[in-house]
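Engineer: One structure, as C-alpha cells, below. Some questions next.
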Amino acid sequence: MGHLLANIDLTFLIASVVKIVFLTFLVILPMVAYSVYAERRFSAVIQDRVGPNRTGIPLTLFGFKKDIQILGIGGLTQPMADGIKFLLKEDFTPKSVNAFYYWLAPCLTMVPALMTCVVLPFGSELRLSDLNGLLSWVYGVIGMADLPVFSSVPVPSVIADLSVGPLYTFAIASLGVYGIVIAGWASNSKYPFLGGVRASAQMISYELSLGLSIIPVLMVFGELNLTKMSIYQDANGWLLLPLWGEGLSLARWVLWIPMGLSFCIFVVAMFAETNRLPFDMAECETELVAGYHTEYSSMKFALFFLGEYAAMIIGSGLAVTLFLGGWSIPFGPLIGLGYSAGDTPLWLGLLHIGVFLGKIVFFILFFILIRWTLPRFRFDQLMKLGWMVMFELALFNVVLTAFLMWLVPLK
Amino acid sequence: MATIFVKRPKLAWHESWFISTFAKGLKITLGHALKTFLEITGKKEKVTMEYPEQKWDENLPEYYRGAPALVTDEQDRERCVSCQLCEFICPPKAIRITPGEIPSDDPWAKVEKRPKEFDIDMTRCIYCGMCEEVCPEQAIYLRKDYAITGESRAELMHDKAKLYQIGGKRIGLVNKWNELK
Numbered sequence: 025m026g027h028l029l030a031n032i033d034l035t036f037l038i039a040s041v042v043k044i045v046f047l048t049f050l051v052i053l054p055m056v057a058y059s060v061y062a063e064r065r066f067s068a069v070i071q072d073r074v075g076p077n078r079t080g081i082p083l084t085l086f087g088f089k090k091d092i093q094i095l096g097i098g099g100l101t102q103p104m105a106d107g108i109k110f111l112l113k114e115d116f117t118p119k120s121v122n123a124f125y126y127w128l129a130p131c132l133t134m135v136p137a138l139m140t141c142v143v144l145p146f147g148s149e150l151r152l153s154d155l156n157g158l159l160s161w162v163y164g165v166i167g168m169a170d171l172p173v174f175s176s177v178p179v180p181s182v183i184a185d186l187s188v189g190p191l192y193t194f195a196i197a198s199l200g201v202y203g204i205v206i207a208g209w210a211s212n213s214k215y216p217f218l219g220g221v222r223a224s225a226q227m228i229s230y231e232l233s234l235g236l237s238i239i240p241v242l243m244v245f246g247e248l249n250l251t252k253m254s255i256y257q258d259a260n261g262w263l264l265l266p267l268w269g270e271g272l273s274l275a276r277w278v279l280w281i282p283m284g285l286s287f288c289i290f291v292v293a294m295f296a297e298t299n300r301l302p303f304d305m306a307e308c309e310t311e312l313v314a315g316y317h318t319e320y321s322s323m324k325f326a327l328f329f330l331g332e333y334a335a336m337i338i339g340s341g342l343a344v345t346l347f348l349g350g351w352s353i354p355f356g357p358l359i360g361l362g363y364s365a366g367d368t369p370l371w372l373g374l375l376h377i378g379v380f381l382g383k384i385v386f387f388i389l390f391f392i393l394i395r396w397t398l399p400r401f402r403f404d405q406l407m408k409l410g411w412m413v414m415f416e417l418a419l420f421n422v423v424l425t426a427f428l429m430w431l432v433p434l435k
Numbered sequence: 017m018a019t020i021f022v023k024r025p026k027l028a029w030h031e032s033w034f035i036s037t038f039a040k041g042l043k044i045t046l047g048h049a050l051k052t053f054l055e056i057t058g059k060k061e062k063v064t065m066e067y068p069e070q071k072w073d074e075n076l077p078e079y080y081r082g083a084p085a086l087v088t089d090e091q092d093r094e095r096c097v098s099c100q101l102c103e104f105i106c107p108p109k110a111i112r113i114t115p116g117e118i119p120s121d122d123p124w125a126k127v128e129k130r131p132k133e134f135d136i137d138m139t140r141c142i143y144c145g146m147c148e149e150v151c152p153e154q155a156i157y158l159r160k161d162y163a164i165t166g167e168s169r170a171e172l173m174h175d176k177a178k179l180y181q182i183g184g185k186r187i188g189l190v191n192k193w194n195e196l197k
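In order, the protein sequence lines correspond to chains A and B.
If you're matching positions, the first sequence starts at 25 in my numbering and goes up one per residue.
If you're matching positions, the second sequence starts at 17 in my numbering and goes up one per residue.
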C-alpha cells in the first residue's frame, strides 16, 4: 500500500482534479445551461418571436440605467432562474413506478454524457511557467520568497490522454441509452415505455453508422489519440480544410471526398445518438406526450435535459476534434499561431481553448437551427434511413477511403 | 366519382435526398432568424411592441369592448333602472342584480327603481357587449379597460360602487327622465 502511494504523482493528480473541475463545472455545465437559453432564444427568432428576455440582475434598482445586455439581447440570467425553478419544484414520484430504477435513470443519462468529456483535448497545452514572474512578485509582496513556482513542463489541456479516445467516447456514450430505456421501463406507463423502446432501437441502429463513419478518419490519421489528431490537423490542415502544411498534397485533397461523406454520416448519426430532432423519436411530443421523461418532474427531469445537452456538447466536441481541427486556429502555422510542443506560450494555449469552445458553440447553434428547420421523421423512415442508407454508405466509405489511400498514398 | 386522386409531385433526386430542400429550409429559418434578431437588437424597425412597457391604449377604437361599467347621467342620477334585461341576456351569467325601490321622497322618485346591488363577476364576463346592446336606458357600457386583474376572486367581483367608479358620467342620448328638457 505504501509502495503504491509513493508512486502517485501528486502534481499530475492535482492537475487532473483541477482540469476535471474546470471542464465539467466551469465549461460543460454552464455551456449546457446556456445552450438551453440559446435554444429558446434561437428558436424564438426563427419563429419571429422574442423569447425569454426578461430575467436579469435588476441593476436598475441600484441606479444603473439598463440591465446587462449583449448586443441588445436581454434575459441573460435566464439559466439561473431555470435552475432555481427546477430545484424548488415538487419532486414527485408516482406511486406506480419502480422506485429504484426510476431514481437510477436520470443519473444514468447524465453521468455517461459527462464522463465522455475526459478524452476531449479542449486546448493544446498550458505553459504555466509563464506565470512564474507574476507568482514571484506576489510572493515578494507577501514576503515569502521561497514558495514553490510552476515547473517548466507544460500541462496538456486534456484530462485523460487516452490512446483509444474515440473508442472510449463511443463505449461510454452508448451507455446513455440505458438511462432512457430504464426511465421508460421504470415509469410503468405506456408513453414513456414506447419512448424507451424507440430510443433503444434507434440508438442501436445509429451506433453502427456512427462507429463506421469514423473508421476512414482513423485510417487517414493512423491514430486513435485525439490529442495527436488535433496536433496533426493543426500542423497539416484540418481534415475538411486541408489548406496548409501537408494538407496541400494531392492525397489529402483526394481524401477530402470520403472525409466529407464521413462528416455528413457522423453528424446525422450524432443527431440520432443525442435524440435531437429530426430524430427525437424517444421524446416525440406530438405522439408520446413527452416520451421517456413523461413521469419525471423537477430536478430529475432537469437531469435528463442536462444529459441531452451535455451529450450534444460532447458530440460536437468529438466532431470538431475529428474533422475540424479541434483547438487549432485556421491557418495557424501560417500566421504564427500554430502549436509547437513545449514552446507554446500561455496566451496561445488559452486562445486554443477559446477557439475550441467557439467551434463547439458554432456546432450547437447548428444543432438548434436544424431542430427548427427539419420536421420529425416517422419511426419507420428513421429505421429505414439508418439501416438501408447510412449503414451501407458508411461501409462503402470505408472501402472508398481504402481504395483512394492505396491509389494516392499519403506522404 | 367524388374521389380525387392527388398526384404527388415527382421529386428530383436532390430533393428526396434532402439536399436542395434542406438548403431551402435553412434559407427560410435563417432568414426569419436574422430578420427577428435585427428587430430585437434594434437595428431594424419592430412590428411588435413589448407589452407592459409599451401600450397601444390611445389607439384603441371607439367600439373597443373592455370591462362593462355602469354610468350616471349629467345630473349624477344612476341610469340603471334595474330592469334586469342585461342579467337575462348575459351569456355567461356574469351579472347579478338585486332591484331596489326609490323612496318617494327622492327627487327621482318617478324613476321608481334602481339597483340595490349590481355585481358583475369579471372571472365570468366574456366582454361580448350584449348587456350594452340590450340596455334600454344606455346605463351599461363596455369601457376600454382590458387589464382586469386581481389577487382573489372577491377582487374580481365588481360591485356597484366599483362599476360606477369605472363608468363615470356619460352625457346625452337618454333624456326621458330629464325634466329640464
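The beta carbon of each residue, even a glycine, is placed where N, CA and C say it ideally should be.
Quick caveat, the model's predicted, so the values are computed rather than measured.
Checking contacts by CB at 9 Å: is B:His30 closer than that to chain A?
Structural biologist: In the second sequence, residue 30 of chain B corresponds to position 14, counting from 1. Answer no: the Cβ-Cβ gap between B:His30 and chain A never drops below 9 Å.
Engineer: Taking three-plus beta-carbon pairs below 8 Å as touching, is the stretch 98-106 of chain A in contact with the stretch 52-68 of chain A?
Structural biologist: Yes, they touch.
Engineer: At 7 Å on the CB atoms, spell out the chain A contacts of B:Ile35, in chain order.
Structural biologist: To locate residue 35 of chain B, count along the second sequence from 1; it is residue 19. Simply none; closest approach about 10 Å.
Engineer: Within 10 angstroms of its Cβ, does A:Tyr182 collect 16 or more other Cβ (buried), or is it exposed?
Structural biologist: Within the first sequence, numbered from 1, the residue matching residue 182 of chain A stands at position 158. Sequence check: residue 182 of chain A is Val here, not Tyr. Of the residues assessed, A:Val182 falls on the buried side of the cut-off, its CB having 16 or more other CB atoms within 10 angstroms.
Engineer: Answer with yes or no whether the minimum CB distance from B:Leu42 to chain A is below 9 Å.
Structural biologist: Taking the first residue of the second sequence as position 1, residue 42 of chain B is located at position 26. For B:Leu42, the answer is yes, since a Cβ of chain A falls inside 9 Å of its Cβ.
Engineer: Just to make sure I have the definition right: I need the residues of chain A whose C-beta is within less than 7 Å of the C-beta of B:Ala163. Which are they?
Structural biologist: Your numbering for residue 163 of chain B matches position 147 in the second sequence. By Cβ distance, chain A contributes nothing, its closest Cβ being about 18 Å from B:Ala163, past 7 Å.
Engineer: Between A:Phe403 and A:Val292, what straight-line distance do the alpha-carbon atoms span, to the nearest angstrom?
Structural biologist: Residue numbering aside, residue 403 of chain A sits at position 379 when the first sequence is read from its first letter. Residue numbering aside, residue 292 of chain A sits at position 268 when the first sequence is read from its first letter. Distance between the alpha carbons of A:Phe403 and A:Val292: 15 Å.
Engineer: Taking the alpha carbon of A:Ala326 as the point to measure from, which residue in A:Phe110, A:Phe46 and A:Lys43 has its own alpha carbon closest?
Structural biologist: Locating residue 326 of chain A in the first sequence gives position 302, counting from the first residue. Ranked by Cα distance from A:Ala326, the first of A:Phe110, A:Phe46 and A:Lys43 is A:Phe110.
Engineer: If we ignore side chains and look at the alpha-carbon of each, how far apart do B:Tyr143 and B:Ala39 end up?
Structural biologist: What you label residue 143 of chain B is simply residue 127 of the second sequence in a count that begins at 1. What you label residue 39 of chain B is simply residue 23 of the second sequence in a count that begins at 1. Using only the alpha carbons, I get a separation of about 47 Å.
Engineer: I want to verify the contact list: residues of chain B whose CB lies under 7 Å from the CB of A:Leu398, in sequence order.
Structural biologist: Residue numbering aside, residue 398 of chain A sits at position 374 when the first sequence is read from its first letter. Ordered by position in chain B, the residues that pass the 7 Å Cβ test against A:Leu398 are Gly41.
Engineer: Which bits of chain B does A:Phe66 rub up against, with CB to CB less than 8 Å?
Structural biologist: For the purposes of this step, residue 66 of chain A is identified with residue 42 of the first sequence, where counting begins at 1. Under a criterion of Cβ atoms nearer than 8 Å, the residues of chain B adjacent to A:Phe66 are, in order, Ala49.
Engineer: Under the three-state reduction of DSSP, which class applies to B:Lys197: helix, strand or coil?
Structural biologist: Taking the second sequence and counting its residues from 1, one reaches residue 197 of chain B at position 181. Caution is warranted here: a pLDDT of 46 is assigned to B:Lys197, below 50, making its placement in the model unreliable, and no coordinate value can be reported.
Engineer: Report the residue ranges of all alpha helix (DSSP H) runs contained in full by the stretch 405-432 of chain A; include only those spanning at least 4 residues, in chain order.
Structural biologist: 415-431
Engineer: Is the shortest distance between the beta-carbon of A:Asp72 and the beta-carbons of chain B less than 9 Å?
Structural biologist: For the purposes of this step, residue 72 of chain A is taken as residue 48 along the first sequence, with counting starting at 1. Taking Cβ atoms only, chain B reaches closer than 9 Å to A:Asp72, which makes this a yes.
Engineer: Are there 16 or more other CB atoms within 10 angstroms of the CB of A:Ser233, so buried, or fewer, so exposed?
Structural biologist: What you label residue 233 of chain A is simply residue 209 of the first sequence in a count that begins at 1. By the 10 Å Cβ count, A:Ser233 comes out buried.
Engineer: Please check if any C-beta of chain B sits within less than 9 Å of the C-beta of A:Ile471.
Structural biologist: Beyond the ends of chain A as shown, which are 25 and 435, falls residue 471 of chain A; an answer cannot be given.
Engineer: Compare the C-alpha of B:Gln154 against each of B:Thr88, B:Ile111, B:Ala125 and B:Lys71 and name the closest.
Structural biologist: Position 138 of the second sequence holds residue 154 of chain B. Ranking the options by Cα distance to B:Gln154, first place goes to B:Thr88.
Engineer: Please decide whether B:Glu61 counts as near chain A, where near means a Cβ-Cβ distance under 9 Å.
Structural biologist: Numbered from 1 along the second sequence, position 45 holds the residue referred to as residue 61 of chain B. No, no contact with chain A.
Engineer: Counting only beta-carbon atoms, is A:Ile281 nearer than 9 Å to chain B?
Structural biologist: Translated into positions along the first sequence, residue 281 of chain A becomes position 257. A:Ile281 does not count as touching chain B.
Engineer: Any idea if B:Tyr79 is buried or exposed, counting beta-carbon neighbours within 10 angstroms, 16 or more meaning buried?
Structural biologist: Within the second sequence, numbered from 1, the residue matching residue 79 of chain B stands at position 63. Exposed.
Engineer: Cα separation between A:Asn212 and A:Gly203?
Structural biologist: Here the question's residue 212 of chain A lines up with position 188 in the first sequence. Here the question's residue 203 of chain A lines up with position 179 in the first sequence. About 15 Å.
Engineer: Does DSSP classify A:Trp262 as helix, strand or coil?
Structural biologist: By one-based count along the first sequence, residue 262 of chain A stands at place 238. If DSSP states are grouped into helix, strand and coil, A:Trp262 belongs with the strands.
Engineer: Could you check what DSSP says for A:Lys252 in three-state terms: helix, strand or coil?
Structural biologist: Here residue 252 of chain A is taken as the residue at index 228 of the first sequence, counted from 1. Of the three classes helix, strand and coil, the one that applies to A:Lys252 here is helix, per DSSP.
Engineer: Start and end of the alpha helix (DSSP H) containing A:Thr193?
Structural biologist: Reading the first sequence from its first residue, position 169 is the one you call residue 193 of chain A. First-last of the alpha helix (DSSP H) with A:Thr193: Gly189 to Ala197.
Engineer: Who does A:Ala129 pair with in a DSSP beta bridge?
Structural biologist: Position 105 of the first sequence, counted from the start, is the residue given in the question as residue 129 of chain A. DSSP, once it has assigned bridges, lists no residue as partnering A:Ala129.
Engineer: Report all residues from its chain with a CB closer than 6 Å to the CB of A:Pro118; omit the five preceding and five following residues, and keep chain order.
Structural biologist: Locating residue 118 of chain A in the first sequence gives position 94, where the first residue counts as 1. Contacts found: Glu319.
Engineer: Taking A:Ile206 as the reference, give the member of A:His317, A:Thr298 and A:Leu138 with the closest Cα.
Structural biologist: Walking along the first sequence from the start, residue 206 of chain A turns up at place 182. Checked all of A:His317, A:Thr298 and A:Leu138; the closest Cα to A:Ile206 is A:His317.
Engineer: Whole alpha helix (DSSP H) runs in the stretch 50-124 of chain B with 4 or more residues, listed along the chain?
Structural biologist: 101-105
Engineer: Against A:Leu285, what residues of chain B qualify as contacts under a CB-to-CB distance less than 7 Å, listed in chain order?
Structural biologist: Position 261 of the first sequence, counting from 1, holds the residue named residue 285 of chain A. Under the 7 Å cutoff, chain B gives no residues; its nearest Cβ is about 13 Å from A:Leu285.
Engineer: Assuming the contact rule is C-beta atoms closer than 8 Å, B:Ser4 and B:Pro119 should be a hit. Round their C-beta distance to whole Å, please.
Structural biologist: For residue 4 of chain B there is no data in the structure shown, the boundaries of chain B being 17 and 197.
Engineer: Secondary structure at A:Phe347, three-state DSSP: helix, strand or coil?
Structural biologist: The residue you call residue 347 of chain A lines up with position 323 of the first sequence. Three-state DSSP puts A:Phe347 in a helix.
Engineer: Answer with buried or exposed for A:Thr193, where buried requires no fewer than 16 other C-beta atoms within 10 angstroms of its C-beta.
Structural biologist: Here the question's residue 193 of chain A lines up with position 169 in the first sequence. By the neighbour-count rule (16 or more Cβ atoms within 10 Å), A:Thr193 is buried.
Engineer: Can you have a look at B:Glu133 and say buried or exposed, based on whether 16 or more other CB atoms are within 10 angstroms of its CB?
Structural biologist: Translated into positions along the second sequence, residue 133 of chain B becomes position 117. Exposed, because fewer than 16 other Cβ atoms sit within 10 Å of the Cβ of B:Glu133.
Engineer: Are any of the Cβ atoms in chain B nearer than 9 Å to that of A:Ile97?
Structural biologist: Here residue 97 of chain A is taken as the residue at index 73 of the first sequence, counted from 1. By this cut-off, A:Ile97 is an interface position.
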